[in-house]
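Colleague: Residue numbers (our numbering), protein chains in the order written: chain C, 208 to 463; chain S, 208 to 463.
The C-beta atom is built at its ideal place from N, Cα and C for all residues, glycine as well.
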């Protein structure tokens, strides 16, 4: 729009009950940032969530901060009715142009094939009774070794693993990865019971352009302390390449 | 100062050669943020580095974004001669007032006692020939199992572990943790040779108020891809409590 102001809508299709998914809110802001910056890939984005986003209209104000040769950065504010919901910082680059050494010392999660994993249709209603509309946007298959918490039997390891793709057949790209990397249920549900897990801050690094097909995911929470928790997530593409990682700080709230 | 503008100085005492440490730049910005917000502890801070900071005067412009009951958030810009060096988002809280469940499934790093570790005085000059002035600000003792890269023998595991405290006897507090969590050498040096590792983005979560004494540290890089790398760090206090964690995205540059 030229003046850095964008208008969008927060759809209930990406929510749990009345709570929009944090990755979805991030994706709304990044769509406006992406249209402003010269580089294609969100190599490092950070978001601080300020107040609960509601369904309906949202304004996004984008401030270009710097445009360099390799990277460009913008800040963005998401507002509803003049109240700021989230503040973003996003640094974009061109992963196809990146040159430098590669040493990877981690492996993709070991998963049973998707047809032997636990689909979301098998997991039943949420304990909170909220409508998990966002579940219908993704085809998520959790490794049965990490889905016991659905049936009230958390493993205590604080880790979820599974396969992920869009339910409508859309293939992943670097613009979708910040949404996809926050698509799994909270790993803290494998440690402790809770209802709502609002994100305080999330940082996403997009590390590669994903190949078509399933993404293999791993999310983990190791430190739940006085109700604060971190969650680390990674997504690996169908060629076995890690393409996105995220870390977030959140609160475990008892009620929905 | 009331108008959200602060003035400071980037000292060469916290640099490697002409390159100020990223955690030090972050700490300069957070000192101004802390003076602006009502909550005491930096529970989640994010910084995007835009252009190389130089020694000398720095202006910090703080914008209060939101003040809520449990958390308050500000944005900050660091400028030198009108050029923006870094943009910060910081959410503060009160860790002493936090209430909620605690489940920790990680352990502090297993370390030999400090007197059996590798002090910085033993590590000799940097391969790049730069003056590592910042080393004299910290008393850092690396586990010998993770300090082989100093002598040209990296382990290939991409992990550094050690003991850390301020060299002048100052005890750690939550304001110092964002600086301390970035005080170790880059873990990527245990994977690949390089000179300068500029940070693109760093997020720090302060999780507890540290007890006096040594901090036990662990930093790790698992994915060096086309010159981009992430580094995760944790600090544990002398009571065995994890008090800060960070993740950063950086580039491995060959030259100094």
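(1) Could you tell me if residue 210/S is buried or exposed, where buried requires 16 or more neighbouring beta carbons within 10 angstroms of its beta carbon?
(2) Would residue 388/S and residue 442/S qualify as a contact pair, given that the criterion is a beta-carbon distance under 7 Å?
(3) Can you give the Cα-Cα distance for residue 234/S and residue 251/C, rounded to whole angstroms?
(4) Look at the alpha carbon of residue 324/C and the alpha carbon of residue 416/C, and state the distance between them as a whole number of angstroms.
(5) Check the DSSP bridge columns for residue 212/S and list the partner residues they point to.
(6) Which residues of chain C have a Cβ atom closer than 8 Å to the Cβ of residue 278/S, listed in chain order?
(7) To the nearest angstrom, report how far apart residue 283/C and residue 360/S are at their CA atoms.
(8) So, under 8 Å CB-CB, residue 218/S and residue 244/S are touching, yes? Tell me the CB distance rounded to an integer number of Å.
(9) Based on DSSP bridge pairs, tell me the residues matched to residue 439/C.
(10) Can you find a CB in chain S that lies within less than 7 Å of the CB of residue 308/C?
(11) For residue 430/S, would you say it is in contact with chain C, using Cβ-to-Cβ distances shorter than 7 Å as the test?
(12) Considering only C-alpha positions, which residue in the set 273/C, 286/C and 270/C is nearest to residue 521/C?
(13) Pull out every residue of the segment 227-238 of chain S whose Cβ sits closer than 9 Å to any Cβ of chain C, in chain order.
(14) Within the continuous alpha helix (DSSP H) that includes residue 307/C, where are the two ends?
(15) Examine chain C for any beta-carbon lying closer than 7 Å to the beta-carbon of residue 434/S, and answer yes or no.
(16) Which same chain residues, not among the five before or five after residue 394/C, have their C-beta less than 7 Å away from its C-beta?
(17) Counting only beta-carbon atoms, is residue 365/C nearer than 7 Å to chain S?
(18) For the segment 287-306 of chain C, list every residue whose C-beta sits within 7 Å of some C-beta in chain S, in sequence order.
(19) Express the C-alpha separation of residue 288/S and residue 308/S in angstroms, rounding to a whole number.
(20) Whose CA, out of 292/C, 248/C and 261/C, lies closest to the CA of residue 268/C?
(21) Tell whether a beta-carbon distance below 7 Å holds between residue 310/C and residue 398/S.
(22) Quick one, are the C-beta atoms of residue 224/S and residue 337/S less than 7 Å apart?
(23) By the three-class DSSP mapping on this structure, what secondary structure does residue 356/S have?
(24) How many Å lie between residue 422/C and residue 377/S at the Cα?
(25) Report the rounded CA-to-CA distance for residue 436/C versus residue 406/C, giving the unit in angstroms.
(26) Just reading off the beta strand (DSSP E) that residue 367/C is part of, what are its end residues?
(27) Check the Cβ-Cβ distances between residue 387/S and every residue of chain C, and say whether any is below 7 Å.
(28) On the criterion of 16 or more Cβ atoms from any shown chain inside 10 Å, does residue 257/S qualify as buried, or is it exposed?
(29) According to the Cβ coordinates, are residue 363/C and residue 348/C closer than 7 Å?
(30) Drop a sphere of 10 angstroms on the beta-carbon of residue 221/C, count the other beta-carbons inside from all chains shown, and report buried for 16 or more, exposed for fewer.
(31) Measuring alpha carbon to alpha carbon, tell me which residue in 459/C, 402/C and 409/C is nearest residue 357/C.
(32) From the DSSP secondary-structure annotation, give me the bridge partner or partners of residue 460/C.
(33) What separation, rounded to the nearest whole angstrom, lies between the Cα atoms of residue 253/C and residue 408/C?
(34) Apart from the five residues just before and just after residue 420/C, which ones in its own chain have a Cβ nearer than 8 Å to its Cβ?
(35) Quick one: is residue 265/S near chain C, going by C-beta distance under 7 Å?
Modeller: Taking the geometry as given:
(1) Translated into positions along the second chain, residue 210/S becomes position 3. Flag for residue 210/S reads exposed.
(2) By one-based count along the second chain, residue 388/S stands at place 181. By one-based count along the second chain, residue 442/S stands at place 235. Yes, Cβ-Cβ distance for residue 388/S and residue 442/S is below 7 Å.
(3) Locating residue 234/S in the second chain gives position 27, where the first residue counts as 1. Locating residue 251/C in the first chain gives position 44, where the first residue counts as 1. Spanning the two alpha carbons is a distance of roughly 20 Å.
(4) Residue mapping note: residue 324/C aligns to position 117 of the first chain, counting from 1. Residue mapping note: residue 416/C aligns to position 209 of the first chain, counting from 1. Distance between the alpha carbons of residue 324/C and residue 416/C: 26 Å.
(5) On the second chain, position 5 is the one that residue 212/S refers to. Beta-bridge pairing links residue 212/S to 268/S.
(6) What you label residue 278/S is simply residue 71 of the second chain in a count that begins at 1. 407, listed in chain order.
(7) Along the first chain, read from residue 1 onward, the residue named residue 283/C stands at position 76. Along the second chain, read from residue 1 onward, the residue named residue 360/S stands at position 153. Roughly 44 Å between the two C-alpha positions.
(8) In the second chain, residue 218/S corresponds to position 11, counting from 1. In the second chain, residue 244/S corresponds to position 37, counting from 1. About 25 Å; that fails the 8 Å criterion.
(9) Start at 1 with the first residue of the first chain, and residue 439/C comes out as number 232. Answer by DSSP bridge pairing, in chain order: 427/C and 454/C.
(10) For the purposes of this step, residue 308/C is taken as the residue at position 101 of the first chain. Nearest CB-CB separation between residue 308/C and chain S: below the 7 Å threshold.
(11) Position 223 of the second chain, counted from the first residue, corresponds to residue 430/S. Yes, residue 430/S lies at the interface with chain C (some Cβ there is under 7 Å from its Cβ).
(12) Shown here, chain C extends from 208 to 463; a query on residue 521/C therefore has no answer.
(13) none
(14) To locate residue 307/C, count along the first chain from 1; it is residue 100. Note, residue 307/C: premise wrong, no alpha helix (DSSP H); not H, not E.
(15) For the purposes of this step, residue 434/S is taken as residue 227 along the second chain, with counting starting at 1. It does; some Cβ of chain C falls within 7 Å.
(16) Numbered from its first residue, the first chain carries residue 394/C at position 187. Closer than 7 Å at the Cβ level, and outside the excluded window around residue 394/C, lie 365, 366, 367, 426, 427, 428 and 438.
(17) Position 158 of the first chain, counted from the start, is the residue given in the question as residue 365/C. Interface residue, yes.
(18) Within the segment 287-306 of chain C, the qualifying residues are 291, 294, 296, 298, 305 and 306.
(19) Here residue 308/S is taken as the residue at index 101 of the second chain, counted from 1. Here residue 288/S is taken as the residue at index 81 of the second chain, counted from 1. So the alpha carbons of these two residues sit roughly 47 Å apart.
(20) For the purposes of this step, residue 268/C is taken as residue 61 along the first chain, with counting starting at 1. Just measuring C-alpha positions, the residue of 292/C, 248/C and 261/C sitting nearest residue 268/C is 292/C.
(21) Taking the first residue of the first chain as 1, we reach residue 310/C at position 103. Taking the first residue of the second chain as 1, we reach residue 398/S at position 191. A contact, by the Cβ cut-off of 7 Å.
(22) Walking along the second chain from the start, residue 224/S turns up at place 17. Walking along the second chain from the start, residue 337/S turns up at place 130. Taking 7 Å as the Cβ cut-off, residue 224/S and residue 337/S qualify as a contacting pair.
(23) Here residue 356/S is taken as the residue at index 149 of the second chain, counted from 1. It is helical.
(24) Counting from 1 along the first chain, the entry for residue 422/C is found at position 215. Counting from 1 along the second chain, the entry for residue 377/S is found at position 170. Whole-angstrom Cα-Cα distance: 47 Å.
(25) By one-based count along the first chain, residue 436/C stands at place 229. By one-based count along the first chain, residue 406/C stands at place 199. Those two C-alpha atoms are separated by around 9 Å.
(26) Counting from one through the first chain, the residue named residue 367/C turns up at place 160. Here the beta strand (DSSP E) through residue 367/C covers 366-373.
(27) Position 180 of the second chain, counted from the start, is the residue given in the question as residue 387/S. No, because no Cβ of chain C sits closer than 7 Å to the Cβ of residue 387/S.
(28) Indexing the second chain from 1 puts residue 257/S at position 50. That one is buried.
(29) Walking along the first chain from the start, residue 363/C turns up at place 156. Walking along the first chain from the start, residue 348/C turns up at place 141. Contact: no.
(30) Counting from one through the first chain, the residue named residue 221/C turns up at place 14. When all chains shown are included, residue 221/C counts as buried.
(31) By 1-based counting over the first chain, the position of residue 357/C is 150. Nearest option by C-alpha distance: 402/C.
(32) Stepping through the first chain from its first residue, residue 460/C is reached at position 253. Its beta-bridge partners are 403/C.
(33) Your numbering for residue 253/C matches position 46 in the first chain. Your numbering for residue 408/C matches position 201 in the first chain. In this structure, the alpha-carbon of residue 253/C lies about 7 Å from that of residue 408/C.
(34) Looking up residue 420/C in the first chain gives position 213. Taken in chain order, the residues that qualify are 372, 378, 444 and 445.
(35) Your numbering for residue 265/S matches position 58 in the second chain. Cβ-Cβ to chain C under 7 Å: no for residue 265/S.
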